[in-house]
Amino acid sequence: MILRSPSTIMRLERLGSFHQSRLSFMRILLRRMARENWQIETLQSKLNDQGVGHAVIAAKGPERTYTLVAFSHDLPDEQRTDRVIAEAWDTTFALYDGIPDDAEIERLSKNVPLQEKGRVSARELTLSRANKSSRLFGQVVDALSEGRQPDNQPLEETGYLMRTTAVYGSGKFGAADREMIAGRPEFLAPFQAEMLTVYLIRLFVFDLVDHLAKIKGGEKAVRLSRDRKRRLGIGNSTGLGMAPFIVNHPQLFHAWVFAKETALARVLAVSEATEQEIQTFTEIIFRTQSLIADWKTKDPVLSEKLRLLEEDLEKLSKKADAKLLSGPSPWARLVRFAEETLGLEAQELLASIVLEPYGRIVDDLADTMSVDEKSDFPIDGSRSVGEFRELIEGLYDFALQTDFSQPSEQARFWYVSEAKLEPRLGERFDEDGSELESPLSVARDISRLYEKLALQPSDTLLAEFLLKFPEHRHVARRIGIASRCSYMEIQDNLLSETMRPIDMLRAKLSFFGATKFDPRSDRWVRICMFQGAPLADEVVDDRDEWMYPAAADE
Amino acid sequence: MSNLSFSETRALALKACRGAGFSWGLAEEAQDLVHTLALLDFPALEMLASLLRLYEAPRRDSTPKEPCPSSPNWTAGKRTLCGVTLATYLRDTGFAIIQKKSGGCGRSNYIGPVAGPLFVAAAAVGVNRTTGLESRLCWESASVEVNNGAIKTGGTGLLDPIARELVIIDRAADLDRSESEALEKRIANAARRISTSETALAFLQALAARTLVPESDQSRSRGAGEGN
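Keeping their order, the protein sequence lines are chains A and B. Here the first sequence is numbered in the working numbering, starting from 20 and rising by one per residue. Here the second sequence is numbered in the working numbering, starting from -8 and rising by one per residue.
Dropping the structure here:
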């Protein structure tokens, strides 16, 4: 079984063409909830005539119950912003470990709406907030209040009525540390608490819009139809804050990519496809063409990529005929065709959808996507400098080939802003602050280390070298990890003037399961999550192709 | 007192050390050592604040110099050894350097003075958990024994900010397995919060703030939502 090479896969342009797959975190969550027959129930809904108040929605698994405590606020339109500088939101949330009593809800009511300025406890697994899609939310409430369903087209195009602007977990602002829940089977895969939070937010939004329509229209009002609810997910607005994650958590990112590449390799090794598998794939290709057609963006770079993707999908669909699919090694032949004739978007889309018929041989890889990051922390100081140089030559050719004396290759610097404690990308030769740059300059730092090592006797111990030159320790640790984690490193220069941070965001978000990437610049993107997902009473269905739109029921 | 999560504790330790002038790599080591000490119920952030108050940037002249015939002890010349730097160096070598340099007698020469000796003990705990290497660290009025994944402390000087003379021995008491199991349970109770004095917190936060870049006209126009 041969995996695609890291030197092919880990280029930023390709990472920025990744698509969701069976191993995306939200799909892993919903498959588990279906398998374990999770029950979802609204325990409380105390919203006034303006929709202000709180609600409590419980998700009951086989061993534990998790509860979304939702607060809905009266936010003036002029205060609504997705930016991290916001201080108020339409809705704020906490995912509670268990079922909160009134005293706990009271405590949360004083802190959750404050978000970063409040303080939560180890009983809260996540802290989040969401804002209305101003135009669409009001349109839907109006339509329902008048006794009619809203038009499908704007729902499909936008994909959501509300969008989150942050979902914090892992110990932030006092919430439970990841270590506290990592041993629970339901949280074994990455970001499951965050995915559960967003899924429950989606259900709350449906309740909210139905409530407001009823208040406005009285007896005339209708509830949003089940089909339209399924067509809606939760939006998200993501900027540079997320970008450093895949660099700062190399073992984790390696685990994600390695799992997906292993899944692909397993499928490519299938020598003969069954009729059912062929039928599933053919249907998915057809539904994917519909998905791509509905994917709208004003971003010129992505618009062009999508135009080419639609053309490539047409070619792929023609190539994937009955003769090829019923022949030997159909998937390997199809992937080879894509590599030889289609663009990156189509290649990576195929790498995802070819997994769809094969849950039985790839879904188990979900359990390999979390790691103990501390296990690789210590540096092996007993290595010699000579040995370490050879290691760099074998692993970091892309860094050694870059000419960092060129200003274009050091044009940017990553830093954390004082104003909102968020990552930013600065222009090194136009802005102040590069002396405080964050350690995301992997390729450049590797290059500098390599040059320094060349000046030392080959038999010098690494421990001695790092004692003398501690400024190289950070990147030395990365090299040690990289010798075991071949898919961890983005094999591009993250300081280059041509680097697009949006590619880093898309790589991570594809693993979340996001769709409808809509870049608003090269460092800010809107996405949709759980669009097409089962509703609360449908979670127990084991249909897993909800990502791919079927025809409307009405 | 403030109660922080482990995640917040680690993040603060990392940024405070960086703000104090540590390299990023050494700040990561400090972060890991602070995490270990917090797991073991030591006042980890207070100890870090104490270390960083003694000197901010561990300079080359505060790193250990090996013993030599004219100077049999590990010292930093006339300065105090940085406990984080020493701990890191020892961990890089698996503590083997002590045994090697002591001529195989299993006992290091004197090391000192050392600021933050408990950070060295934290490193010993980490090495014991990964390699099984046992060790005993002693300094004035304090001892730490690490073996079988367990730790046993003694004396009144554990939290002393400076050890005049630290000795590391590659033998430890055969610690009771039940002590090890108790340690595992403490470590597993990740619902704990880390209590920290307001004074230490404010000091470390002020150091951490040095890693932040103030807004400028150019950055304000770009922000996170701008770009190309």
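Idealized CB from N, CA, C, for every residue including glycine. No experiment lies behind these values; they were computed from the predicted model shown.
{"Asked": "What separation, rounded to the nearest whole angstrom, lies between the Cα atoms of methionine 518 of chain A and glycine 16 of chain B?", "Found": "25 Å"}
{"Asked": "Leaving aside the five residues before and after valine 390 of chain A along the sequence, list all residues of the same chain whose C-beta is less than 7 Å from its C-beta, in chain order.", "Found": "Gln270, Leu271, Ala274"}
{"Asked": "In the DSSP assignment, the alpha helix (DSSP H) including asparagine 150 of chain A goes from what residue to what residue?", "Found": "That residue, asparagine 150 of chain A, is in no alpha helix (DSSP H); its beta strand (DSSP E) goes 143 to 151."}
{"Asked": "On the DSSP bridge list, what partners appear for aspartate 537 of chain A?", "Found": "A/Arg545"}
{"Asked": "Please indicate yes or no: does the CB of threonine 281 of chain A lie closer than 7 Å to some heavy atom of the ligand GTP?", "Found": "Among the components of this structure there are no ligands whatsoever, and the ligand GTP is therefore not found."}
{"Asked": "Give me the chain B residues within the contact set of isoleucine 398 of chain A, using Cβ-Cβ distance strictly less than 7 Å, ordered along the chain.", "Found": "Asp83"}
{"Asked": "Pull up the distance between the alpha-carbon of valine 204 of chain B and that of serine 460 of chain A, whole angstroms please.", "Found": "17 Å"}
{"Asked": "Of the residues that make up the stretch 433 to 446 of chain A, which ones have a beta carbon closer than 9 Å to any beta carbon in chain B?", "Found": "Tyr434, Val435, Ser436, Glu437, Ala438, Lys439, Leu440, Glu441, Pro442, Arg443, Leu444, Gly445, Glu446"}
{"Asked": "Spell out the partners DSSP gives tryptophan 433 of chain A in its beta bridges.", "Found": "A/Leu444"}
{"Asked": "Can you pull the chain A residues whose beta carbon is under 9 Å from the beta carbon of glutamine 209 of chain B, in chain order?", "Found": "Gly445, Glu446, Asp449, Glu450, Asp451"}
{"Asked": "State the beta-bridge partners of isoleucine 76 of chain A as determined by DSSP.", "Found": "A/Thr61, A/Leu87"}
{"Asked": "For alanine 462 of chain A, I'd like the list of residues in its chain whose CB is within less than 6 Å of its CB, leaving aside the five on either flank, ordered along the chain.", "Found": "Ala418, Thr421, Asn512"}
{"Asked": "Output needed for arginine 46 of chain A: all residues of its chain with C-beta closer than 6 Å, excluding positions within five of it in sequence on either side, in chain order.", "Found": "Gly532"}
{"Asked": "Look up serine 126 of chain B in the DSSP assignment and give the residues it is bridged to.", "Found": "B/Val137"}
{"Asked": "Can you name, in chain order, every residue of its own chain whose Cβ lies under 7 Å from the Cβ of alanine 365 of chain A, other than the five neighbours on each side?", "Found": "Leu328, Asp331, Leu332, Leu335, Ala357"}
{"Asked": "What is the DSSP secondary structure of glycine 413 of chain A, counted as helix, strand or coil?", "Found": "helix"}
{"Asked": "Using a Cβ-Cβ cut-off of 8 Å, state whether aspartate 522 of chain A counts as contacting chain B.", "Found": "no"}
{"Asked": "For lysine 239 of chain A, does the count of other Cβ atoms within 10 angstroms reach 16, so buried, or fall short, so exposed?", "Found": "exposed"}
{"Asked": "Does the pairing of the stretch 446 to 459 of chain A with the stretch 376 to 384 of chain A give three or more beta-carbon distances under 8 Å?", "Found": "no"}
{"Asked": "Report yes or no: is there a C-beta of chain A within less than 8 Å of the C-beta of glutamate -1 of chain B?", "Found": "yes"}
{"Asked": "Tell whether a beta-carbon distance below 8 Å holds between arginine 50 of chain A and aspartate 382 of chain A.", "Found": "yes"}
{"Asked": "Pairs of beta-carbons, one from the stretch 101 to 115 of chain A and one from the stretch 145 to 163 of chain A, closer than 8 Å: are there three or more?", "Found": "yes"}
{"Asked": "Have a look at B/Ser(-7), B/Ala21, B/Ser(-4) and flag the residue whose alpha-carbon is nearest the alpha-carbon of leucine 5 of chain B.", "Found": "B/Ala21"}
{"Asked": "Let's test the definition: count the other Cβ atoms within 10 Å of the Cβ of leucine 34 of chain A and tell me whether it reaches 16, buried, or not, exposed.", "Found": "buried"}
{"Asked": "In the structure shown, what three-state DSSP assignment does serine -7 of chain B receive?", "Found": "strand"}
{"Asked": "Going by the CB atoms, is the gap between leucine 94 of chain A and histidine 230 of chain A shorter than 8 Å?", "Found": "no"}
{"Asked": "Which two residues bound the contiguous beta strand (DSSP E) that contains tyrosine 223 of chain B?", "Found": "What is shown of chain B runs -8 to 219, which leaves residue 223 of chain B out entirely."}
{"Asked": "Only counting the same chain, and skipping five residues up and downstream in sequence, which positions put a Cβ closer than 6 Å to that of threonine 202 of chain B?", "Found": "Lys6, Arg9, Gly10"}
{"Asked": "How would you write the range of the beta strand (DSSP E) that methionine 518 of chain A sits in, first residue to last?", "Found": "Element bounds for methionine 518 of chain A: n/a, residue is neither H nor E."}
{"Asked": "Taking DSSP as the reference, what is the three-state secondary structure of lysine 143 of chain B?", "Found": "strand"}
{"Asked": "Taking threonine 299 of chain A as part of the alpha helix (DSSP H), name the residues at either end of that continuous run.", "Found": "294 to 312"}
{"Asked": "Which whole-angstrom value describes the C-beta separation of asparagine 130 of chain A and arginine 142 of chain A, a residue pair presumed to lie in contact below a C-beta threshold of 8 Å?", "Found": "12 Å between Cβ atoms; not a contact."}
{"Asked": "Can you round the beta-carbon distance between glycine 148 of chain B and glutamate 136 of chain B to whole angstroms, since I take them to be within the 8 Å contact cut?", "Found": "That pair is no contact at about 15 Å."}
{"Asked": "Figure out for me which residue from A/Ile372, A/Met548, A/Ser436 has the closest Cα to the Cα of serine 40 of chain A.", "Found": "A/Ile372"}
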